[in-house]
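Engineer: Have a look at this one.
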Amino acid sequence: MDDGEIFKIECHDGTWSFDTIDMTAFKAGRRLGQSATPVIANFAAADGVADMKFWHQRLGHLCPEYVRLTADRDLMKGMMVRKREHQRCEVCCVSKQKAKPRQKKLQGRVSAPNEMIYADLLFLGQHNRTRFSAVLVTIDVFTKFVFVFLLKSKTQDEVNMRIQQYIRWAERQTCRVGVEGDDVTHQVKTILTDRDTEFVNHASEQWFAGAGIVHVKAGPKRSHLNPCARVHQTLVEMTAAYIKNRVYFRGTNVSPFQLMFGFRPDILP
1 MDDGEIFKIE CHDGTWSFDT IDMTAFKAGR RLGQSATPVI ANFAAADGVA
51 DMKFWHQRLG HLCPEYVRLT ADRDLMKGMM VRKREHQRCE VCCVSKQKAK
101 PRQKKLQGRV SAPNEMIYAD LLFLGQHNRT RFSAVLVTID VFTKFVFVFL
151 LKSKTQDEVN MRIQQYIRWA ERQTCRVGVE GDDVTHQVKT ILTDRDTEFV
201 NHASEQWFAG AGIVHVKAGP KRSHLNPCAR VHQTLVEMTA AYIKNRVYFR
251 GTNVSPFQLM FGFRPDILP
């Protein structure tokens, strides 16, 4: 068409993308001696049907068995695995080597959301190309739901404010959707952190005492007692807590998102 638009559509690994090009502006540019093609917009649409290799990569190099369980148990809307064979992933072999975990735990037995939460800081480094210097990671022991806050600084005031913000949010939002008869408020009872001054200070202890929350402090070289250390590795590998909360978790046999809110997440936009 003389004055219309041209659509060039390409499919790469289950994602359809195309640019829209304004031919009128293109012709006007050529008359003025300009050779650049003016691209108006770029669009992409995801296809929920893909093979095991593609889903393994899309879900942050998730364990292939967990990919199969997430699809077979219909834990995520819009997800279908076309080919189940999975070849050896060199990226996983190199990046996921770690020391043998210790077996000691402090979590004990929990039977409901918010009975115990973990909190820890993940430092991003000085040259991370963002305005943030740290990430506050919180984990609910029962649901394994991960919530993160991006911090501009790791000061006591900012860390305390974000922890209080998470506790207020969790106590009001947990299991409010999709669980029949679940109108009980799940209050936070225990929080576990390390002994750094960002977590252990007069303001935080005073607030926890006023809210009736027990603050358990793990000593130095006790990272095995706090699962945030393991989640740090997962978040760095996946680059998003969004993915971790929406895939199969072995300890609960469902996704943390579904256990936290009572309904299945949707993988497609």
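Sequential numbering of the sequence shown, starting at 1, is according to the UniProt record's numbering. C-beta atoms are modelled at their ideal positions from N, C-alpha and C, and glycine is treated no differently. As the structure is a prediction and not an experimental result, all values here were calculated from the model.
1) Looking at the secondary structure, which residues open and close the beta strand (DSSP E) in which Thr-190 lies?
2) Pick helix, strand or coil for Ala-45, following the three-state DSSP scheme.
3) Between Phe-263 and Phe-257, what straight-line distance do the alpha-carbon atoms span, to the nearest angstrom?
4) Bridge partners of Met-116, per DSSP?
5) Below 8 Å on the Cβ atoms is my guess for Arg-194 versus Asp-120; work out the distance and round it to an integer in Å.
6) Could you check what DSSP says for Ile-139 in three-state terms: helix, strand or coil?
7) Judging by CA-CA distance, which residue of Tyr-166, Met-161, Arg-162 is the nearest neighbour of Phe-145?
8) Taking the alpha helix (DSSP H) that Lys-244 falls in, what are its first and last residues?
9) Shortest alpha-carbon distance to Ser-204 belongs to which of Leu-75, Arg-162, Asn-245, Tyr-242?
10) Of the choices Leu-59, Glu-85, Tyr-118, whose alpha-carbon is the least far from that of Phe-199?
11) Just to confirm before moving on: does the CB-CB distance between Leu-192 and Ala-218 stay below 8 Å?
12) May I have the straight-line CA-CA distance separating Leu-69 from Ala-170, to the nearest angstrom?
13) When you compare each of Asp-266, Met-76, Asp-72, His-61 to His-86 by their alpha carbons, which one comes out closest?
14) Can you tell me the Cβ-Cβ gap for Leu-151 and Val-135, rounded? I've got them flagged as a contact below 8 Å.
15) With 8 Å set as the bound, which would you pick, yes or no: does the beta-carbon of Gly-251 sit closer than that to a beta-carbon of chain C?
16) Along the beta strand (DSSP E) that carries Phe-147, what are the first and last residues, could you check?
17) If you scan the region 198-224 from start to end, which runs of the alpha helix (DSSP H) of 4 or more residues do you find wholly inside it?
Structural biologist: In short:
1) Mapped onto the sequence shown, residue 190 falls at position 190. Looking at the DSSP string, the run of the beta strand (DSSP E) that includes Thr-190 is 190-194.
2) By 1-based counting over the sequence shown, the position of residue 45 is 45. With a pLDDT of only 46 at Ala-45, under the threshold of 50, the placement of this residue in the model should not be trusted, and no figure is reported.
3) Along the sequence shown, one-based indexing puts residue 263 at 263. Along the sequence shown, one-based indexing puts residue 257 at 257. Taking the straight line joining both Cα atoms gives about 8 Å.
4) Indexing the sequence shown from 1 puts residue 116 at position 116. Answer by DSSP bridge pairing, in chain order: Thr-190.
5) Counted from its first residue, the sequence shown places residue 194 at position 194. Counted from its first residue, the sequence shown places residue 120 at position 120. For the sequence presented, residue 194 should be read as Asp rather than Arg. Indeed they touch by this definition, with Cβ atoms about 7 Å apart.
6) As a position in the sequence shown, residue 139 is number 139, starting the count at 1. If DSSP states are grouped into helix, strand and coil, Ile-139 belongs with the strands.
7) Translated into positions along the sequence shown, residue 145 becomes position 145. Measuring from the Cα of Phe-145, the nearest candidate turns out to be Tyr-166.
8) As a working mapping, residue 244 is identified with position 244 in the sequence shown. Looking at the DSSP string, the run of the alpha helix (DSSP H) that includes Lys-244 is 241-244.
9) Locating residue 204 in the sequence shown gives position 204, where the first residue counts as 1. The residue with the shortest Cα to Cα distance from Ser-204 is Arg-162.
10) By one-based count along the sequence shown, residue 199 stands at place 199. Here the closest residue by C-alpha is Tyr-118.
11) The count along the sequence shown starts at 1 and reaches residue 192 at position 192. The count along the sequence shown starts at 1 and reaches residue 218 at position 218. Yes; because the gap between Cβ atoms is below 8 Å, this pair is in contact.
12) Position 69 of the sequence shown, counted from the start, is the residue given in the question as residue 69. Position 170 of the sequence shown, counted from the start, is the residue given in the question as residue 170. One C-alpha to the other measures close to 27 Å.
13) Counted from its first residue, the sequence shown places residue 86 at position 86. Of Asp-266, Met-76, Asp-72, His-61, the residue nearest in Cα terms is His-61.
14) By one-based count along the sequence shown, residue 151 stands at place 151. By one-based count along the sequence shown, residue 135 stands at place 135. Confirmed, about 7 Å.
15) Among the chains of the structure shown, chain C does not appear; only one protein chain is present.
16) For this step, residue 147 is matched to residue 147 along the sequence shown. Note, Phe-147: beta strand (DSSP E), 146-151.
17) Within the region 198-224, the complete alpha helix (DSSP H) runs of at least 4 residues are 202-211.
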